[in-house]
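To keep things clear, I will list the structure first and then write my remarks on it.
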Amino acid sequence: MGSIALRDVGFLATRPLFQGLNIIIGEADSIGLVAGNGAGKSTLLKCLAGLMEPTTGEITRSRGLRVGLVEQEVAANLLDLPFAEAVRRAIPPLERDAQAWRVDMVLDEFAASTQMRDQPIRALSGGWQRLALIARAWVCDPDALLLDEPTNHLDLEKIQLLEDWLKSAARQIPLVVASHDRQFLDACTTRTLFLRPDLSRLYAHPYTRARSLLAEDDAAQAARLAKDTSEAGRLRRSANALRNIGINSHSDAALKKSMQMVRRAEGLEQQLRPVHADKPGDIRLANRGTHARVLIALADLTVHAPDHRTLFRVEKLDVFQQDRIVLLGRNGVGKSQFVALLSRALTERETVPGVRISATVVPGYVDQQMSQLPGKETPLGLISGRFRLGDQRSVSLLAGAGFPADMQRQVIARLSSGQKARLGLLALRLAEPNLYLMDEPTNHVDIAGQEKLEAEILAHRATCILVSHDRSFVKAIGTRFLLIEGGKLQEIEAPALFHRVLTADGSR
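Its first residue numbered 4, the sequence shown is counted upward by one per residue in the working numbering.
Structure (C-alpha cells):
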C-alpha cells in the first residue's frame, strides 16, 4: 500500500488548468475527479502517474509505488495484437513468464471467451477495447489505480462488474476516477474533487452529495462577493465625499479618514474572488416535426456483423413520433450495427429488406467516434460549408458551442474527443432532423453537457433511437427499452431492465 501527495500543484497550458492543489491520496481513498471537457482531468491523472510534470508544486509517491493508469484511447501499437497478448504485454518484460497466469485470471473475470482472446484489439467493440485497457492496468497488480473515463463504451453488465471489483478487490488501494458517469461516481467513490482553474474544491462525499455542497458553497461565495463589492463601492463613495469635504474645509483629519477608507476598499477588492462559472459549449437540438405517426416500421429484419455473421433478428418494431427508444445489450451484440443500418437506410434511402420509412423522415446520426465528421476539415469549414451559413454566423455558432476562434480553424482530427462530440452535436442540430439516431452520444460529453442534452431532448420532444449505457441519462430520457439478447430484439419494461441487468452480482 502507498500514497500520492500533492503540494501546491498546478498546471499551466495556454491557460491555467488547475492550481494550488494540496491533497493526500492514501489507502482506501476513492476520489472522483469532475470537470468539464478540456479542463485538465486527463492532465492531472498523467501527472499523478508520473507521465507528466506539473507546472508548479510537487507530487510525491510512496517508494516503489506501482501506479496503474487507464487512458481513454487504445495505443496504435496495440490494435493489431490479440486481446490476450495485448494484456500480457502490460506486464514488465522480466516478469511476463512468471506472471503470465494473471492474464487468464483477469480475462476470466471479464468473461472474455476463448475465441475473443485471440481476436485483434481493432476487431473488438468499443466496450471490449475499453476492457482491454482496464485489464492491462489490472493485470499488473497496481498499488494505486487511475481511471480516465473507465465506463465509456462499457455495457451495463460490464459497468456493474467494474463497480463490484472497485468496491471489493481494489477497495484498499488509492483510486482516482475521472468520469462523467454520475451513477458510477456515486457507486465507486467516497470523495469528490471538482477541478477548477482558480479554486478547486474537495468534498468527503460521493458526487451527488458533493455537487449539492458545491452549489451551496458557490452560492455563499456569490453572496459574499456581492456584499463585499457593495461595501467596497460604498467606501469609495464615502471616501470621495469626505475627500471633497477635506479639500474644501482644509481638514487634514477628513483627508486622512478618506485615505483610510480608500485603503479599506482596496483591501476588500483585492480579496474579491469571482464565482466560478462552468462554461461548457452550449448544446442545443432542433426538431422540424412531422405529421407521420409511424416514422419507421421494421419487420423480419436481420442485422449482420461486418463479416456477415448474423447478430440478431427484429420480428416487428414500429417507431412512433416522440418515442425515445434506448437499445441495450452486451458489448458486441450488434447495437451499433443496428443504428448504422438504420442510418444508411434513412440517409441513402437504400432499400433494406424489412425496413419501411415514412417519406417525411429527416434523420440525424452520430456514432461513438463521431466518424461522420471529416477529419481533414476545420470546424469553421464544416459548419459554414455544409450548412451555408456564412463565416460570421458560423463563427458565432461555434463560439456558443465552446470553440474559441483559434480552435475553429484547427483540423477536426486534432480536436479532443469531447470537442468532437460537441461539434458533432452542433452539426446534428443544424441539420434539423425529426428523427435522431445516436450511438453513445454522452461518451465524451461532460456532466453539464449531458444534462443540457437531456433537457433539449425532453424540451423538443425529439424522436430518438439511441444506444447508451449511462444509467442517469437513460433513466432521464428513455420511454421505450429494447434489449438485444440471444439473437433477438425484445421490448422490456424499464424497472425489469434495471433489476435484471444491474443485479449485485452482475448475473442476468
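Every residue, glycine too, gets a C-beta built ideally from N, C-alpha and C.
Residue i to residue j span [Cα, whole Å]
i: residue 240; j: residue 230; result: 15 Å
i: residue 263; j: residue 32; result: 49 Å
i: residue 378; j: residue 415; result: 5 Å
i: residue 53; j: residue 485; result: 44 Å
i: residue 124; j: residue 91; result: 13 Å
i: residue 259; j: residue 63; result: 51 Å
i: residue 398; j: residue 431; result: 17 Å
i: residue 266; j: residue 248; result: 18 Å
i: residue 213; j: residue 120; result: 40 Å
i: residue 126; j: residue 132; result: 9 Å
i: residue 499; j: residue 479; result: The predicted position of residue 499 is uncertain, since its pLDDT is 48 and thus under 50; no value can be drawn from it.
i: residue 137; j: residue 73; result: 6 Å
i: residue 116; j: residue 205; result: 41 Å
i: residue 496; j: residue 483; result: 7 Å
i: residue 197; j: residue 187; result: 16 Å
i: residue 16; j: residue 361; result: 50 Å
i: residue 9; j: residue 47; result: 11 Å
i: residue 410; j: residue 200; result: 19 Å
i: residue 474; j: residue 301; result: 27 Å
i: residue 488; j: residue 402; result: 43 Å
Minimum C-alpha distance to residue i - residue among the options
i: residue 129; options: 373, 272 and 259; result: 373
i: residue 341; options: 67, 112, 442 and 126; result: 442
i: residue 533; options: 452, 110 and 95; result: In this structure the chain extends from 4 to 511, so residue 533 is not present and cannot be described.
i: residue 463; options: 448, 436, 472 and 487; result: 436
i: residue 242; options: 261, 249 and 11; result: 261
i: residue 150; options: 139, 158 and 159; result: 139
i: residue 512; options: 420, 440 and 249; result: Residue 512 cannot be examined here, being either before or after the span of the chain that is shown, 4 to 511.
i: residue 376; options: 391, 428 and 466; result: 428
i: residue 422; options: 458, 381, 93 and 23; result: 381
i: residue 180; options: 470, 44 and 86; result: 44
i: residue 368; options: 348, 154 and 362; result: 348
i: residue 190; options: 199, 203, 170 and 178; result: 170
i: residue 494; options: 319, 79 and 42; result: 319
i: residue 371; options: 246, 272 and 156; result: 156
i: residue 337; options: 207, 491 and 418; result: 491
Assigned exposure category for residue i - 16 Cβ within 10 Å defines buried
i: residue 251; result: exposed
i: residue 166; result: buried
i: residue 175; result: exposed
i: residue 508; result: Any reading at residue 508 must be qualified, since the residue scores a pLDDT of 35, below 50, and its modelled position is unreliable; the value itself is stated next. With fewer than 16 other Cβ atoms within 10 Å, it is exposed.
i: residue 253; result: exposed
i: residue 152; result: buried
i: residue 333; result: buried
i: residue 304; result: buried
i: residue 269; result: exposed
i: residue 237; result: exposed
i: residue 219; result: exposed
i: residue 256; result: exposed
i: residue 97; result: exposed
i: residue 12; result: buried
i: residue 18; result: exposed
i: residue 141; result: buried
Counterpart residues of residue i in DSSP-defined beta bridges
i: residue 181; result: 36 and 151
i: residue 307; result: 313
i: residue 495; result: 484
i: residue 360; result: 299
i: residue 85; result: 123
i: residue 50; result: Answer by DSSP bridge pairing: none, since residue 50 is not bridged.
i: residue 63; result: 8
i: residue 467; result: 327 and 439
Where the alpha helix (DSSP H) through residue i begins and ends
i: residue 350; result: 338-350
i: residue 442; result: No alpha helix (DSSP H) holds residue 442; the beta strand (DSSP E) holding it covers 438-442.
i: residue 137; result: 129-141
i: residue 382; result: 382-390
i: residue 247; result: 210-252
Beta strand (DSSP E) segment containing residue i, residue limits
i: residue 329; result: 327-332
i: residue 96; result: It is not in any beta strand (DSSP E) - residue 96 carries neither H nor E in the DSSP assignment.
i: residue 204; result: 204-206
i: residue 195; result: 194-197
i: residue 274; result: Not the beta strand (DSSP E): residue 274 falls in the alpha helix (DSSP H), residues 255-274.
i: residue 369; result: 366-369
Cutoff 8 Å: residue i Cβ touching any chain C Cβ
i: residue 387; result: Given the protein chain composition of this structure (a single chain), no chain C is represented.
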